[in-house]
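The opening residue of the sequence shown carries number 105 in the numbering used here; numbering runs sequentially from there. Using N, Cα and C, we set each Cβ at its ideal position, and we do this for glycine too. These numbers come from a predicted model, not from an experiment. A short worksheet on the structure shown next.
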Amino acid sequence: MSEEILALVDEFQQAWPLEGFGGTLEMKGRRLDLQGIRVLKKGPQDGVAKSSCYGDCRSEDDEATEWITFQVKRVKKPKGDHKKPPGKKVEASQAENGQRYQANLEITGPKVASPGPQEKKRDYQSLGWPSPDECLKLRWVELTAIVSTWLAVSSKNIDITEHIDFATPIQQPAMEPLCNGNLPTSMHTLDHLHGVSNRASLHYTGESQLTEVLQNLGKDQYPQQSLEQIGTRIAKVLEKNQTSWVLSSMAALYWRVKGQGKKAIDCLRQALHYAPHQMKDVPLISLANILHNAKLWNDAVIVATMAVEIAPHFAVNHFTLGNVYVAMEEFEKALVWYESTLKLQPEFVPAKNRIQTIQCHLMLKKGRRSP
């Protein structure tokens with residue numbers, strides 16, 4: 105027998121002495137009493153011969169008992185595998201695997217049930233589904249609460265202090281950053297979406313939770329400023345440069361905080377019109393949040409999916425799409441996108457918390473113990 109089987113035999117000997125064995129086997133809800141275990145090995149002519157036996161192994165079995173044979177399939181590793189020392193070839197293989205995973209996300213992320221290669225475990229399996237008792241103790245996330253997300257321009261290697269003057273003292277009266285509300289429709293402005301074409305009548309409650317994000321712009325070099333000061337600084341430079349997608353995106357963030365959906369979308373249309381393709385996910389994520397807030401979920405899914413297609417490597421894009429599916433009560437789809445969020449950023453705690461809450465919700469709703 106192989107070393108692995110011998111180790112298994114040793115384990116049986118330690119766990120279940122020959123003189124007394126008793127136990128149960130439970131598979132998919134079916135529970136069977138166990139009286140004995142036989143460890144088999146191949147015979148001389150590739151037959152099967154009995155080897156060690158533990159528990160009640162009498163051959164004169166009555167009609168109330170039977171032997172059940174289990175086969176365990178495993179992949180045999182090449183003999184030389186364990187001898188290979190780690191080195192450049194292993195690192196190259198890992199890099200190649202990472203590139204293959206990234207390519208898979210770029211091609212199939214928004215369109216398949218589980219973004220990522222098939223051989224990669226889904227995160228809910230590695231996290232584990234909580235038991236019903238654990239669900240009762242778990243502090244559930246309020247899934248109906250809107251979670252605002254924001255993709256910073258720094259993620260695109262853009263220094264915001266090169267676009268907005270945070271140093272010069274403000275001498276003039278306060279200003280607000282206004283974008284061109286009459287920008288002509290183009291293939292980039294997404295006017296075919298109901299929420300964009302009817303932006304003047306949106307029911308949008310605003311996202312005051314982003315106030316700190318706005319006030320901390322340039323915080324690495326300059327002290328935190330008030331919302332009024334930030335708005336004035338954005339307005340001053342935007343007034344001189346209406347074609348800057350960076351400034352338009354900043355202005356949209358200001359209007360999201362102020363709760364002015366129409367003015368925010370005016371700025372996002374402007375940003376989408378002028379932004380290079382690889383940068384468009386920045387304004388798209390803002391637009392998806394506004395449409396989500398306004399309960400225009402189908403529009404929000406379209407926009408967030410576009411963001412994922414442009415930049416599948418940003419966890420916030422996946423998380424935003426998951427949030428929209430939660431609002432639509434499409435929890436299975438939401439799980440997929442929260443899982444892909446964790447594949448990109450394993451320490452993303454909000455995604456983990458939402459996965460656990462959804463798992464508990466699904467189990468308690470359907471009365472199931474496991475997925």
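Would a C-beta distance cut-off of 8 Å place T424 and A379 closer than the cut-off?
No, they are not a contact pair.
Cutoff 6 Å; reference K367; Cβ partners in own chain excluding five residues on either side
The answer, listed in chain order, is W359.
Are there 16 or more other CB atoms within 10 angstroms of the CB of M383, so buried, or fewer, so exposed?
Label assigned to M383: buried.
Going by CA-CA distance only, name the one from C283, E316, L247 and V420 that's closest to S352.
Scanning C283, E316, L247 and V420 for the CA closest to the CA of S352 turns up C283.
Residue closest to W233, alpha-carbon to alpha-carbon, out of L439, S258, P450 and L342
When each option's Cα is compared against that of W233, the closest is L439.
Between which two residues does the alpha helix (DSSP H) containing G299 stretch?
For G299, the uninterrupted alpha helix (DSSP H) run begins and ends at H298 to S301, by DSSP.
So the candidates are I334, P387 and T461; which of them puts its Cα closest to the Cα of P273?
Just measuring C-alpha positions, the residue of I334, P387 and T461 sitting nearest P273 is I334.
Separation of L388 from V407, as counted between CA atoms:
Distance between the alpha carbons of V407 and L388 is about 6 Å.
Report all residues from its chain with a CB closer than 8 Å to the CB of W401; omit the five preceding and five following residues, and keep chain order.
Same-chain partners within the cutoff: L395, V428, A431 and M432.
Taking 8 Å as the cut-off, decide whether the C-beta atoms of L255 and F418 are in contact.
Yes, they are a contact pair.
Using CA atoms only, rank isn't needed, just tell me which of L468, A455 and G363 is closest to V245.
When each option's Cα is compared against that of V245, the closest is A455.
A404, DSSP secondary structure in three states:
Residue state, collapsed to three classes: helix.
Integer Cβ distance of T336 from A278, believed to fall under 8 Å:
T336 to A278, Cβ: 5 Å. Contact.
Select from K470, L247 and T461 the residue whose C-alpha is nearest the C-alpha of K241.
Looking at the Cα atoms, T461 is the closest of the given residues.
With the cut-off set at 8 Å, would you say H377 and L287 are in Cβ contact?
Cβ atoms of H377 and L287: closer than 8 Å.
Report the residue from V350, T309, Q374 and G285 whose alpha carbon sits nearest the alpha carbon of M291.
For M291, the nearest C-alpha among the options comes from Q374.
From A398 to S305, what does the alpha carbon distance come to, in whole angstroms?
In a straight line, the C-alpha of A398 is about 10 Å away from that of S305.
Applying the 10 Å Cβ sphere with the 16-neighbour rule, what's the burial state of E343?
Its Cβ having fewer than 16 others within 10 Å, E343 is exposed.
Determine the closest residue to G426 out of C239, K260, I250 and T347, with distance taken between C-alpha atoms.
G426 has its Cα closest to that of I250, out of C239, K260, I250 and T347.
L331 and V361 closer than 8 Å at C-beta
Closer than 8 Å, so yes.
How should D370 be labelled, buried or exposed, when 16 other C-beta atoms within 10 angstroms of its C-beta is the threshold for buried?
So D370 counts as buried.
Only counting the same chain, and skipping five residues up and downstream in sequence, which positions put a Cβ closer than 6 Å to that of W441?
Taken in chain order, the residues that qualify are H422, L425 and G426.
Taking Cβ to Cβ, would you say L321 is nearer than 8 Å to I262?
No, the Cβ-Cβ distance between L321 and I262 is not below 8 Å.
In whole angstroms, what is the alpha-carbon distance linking Q463 and S348?
Rounded to whole angstroms, the gap between the alpha carbons of Q463 and S348 is 43 Å.
Once you ignore the five residues that flank V300 on each side, which residues in its own chain have a CB closer than 8 Å to its CB?
Excluding residues within five positions, the ones whose Cβ falls inside 8 Å are T293, L294, I369, R373, L391 and D403.
Exposure of L468, with buried meaning 16 or more beta-carbon neighbours within 10 Å
Exposed, since its Cβ has fewer than 16 Cβ neighbours within 10 Å.
Inter-residue spacing [alpha-carbon to alpha-carbon] between K340 and P281:
Whole-angstrom Cα-Cα distance: 8 Å.
Under 7 Å Cβ to Cβ from L446, same chain only, skipping five residues before and after it: list those, please.
For L446, where only same-chain residues beyond five positions count, the Cβ hits under 7 Å are D227, F452, A455 and K456.
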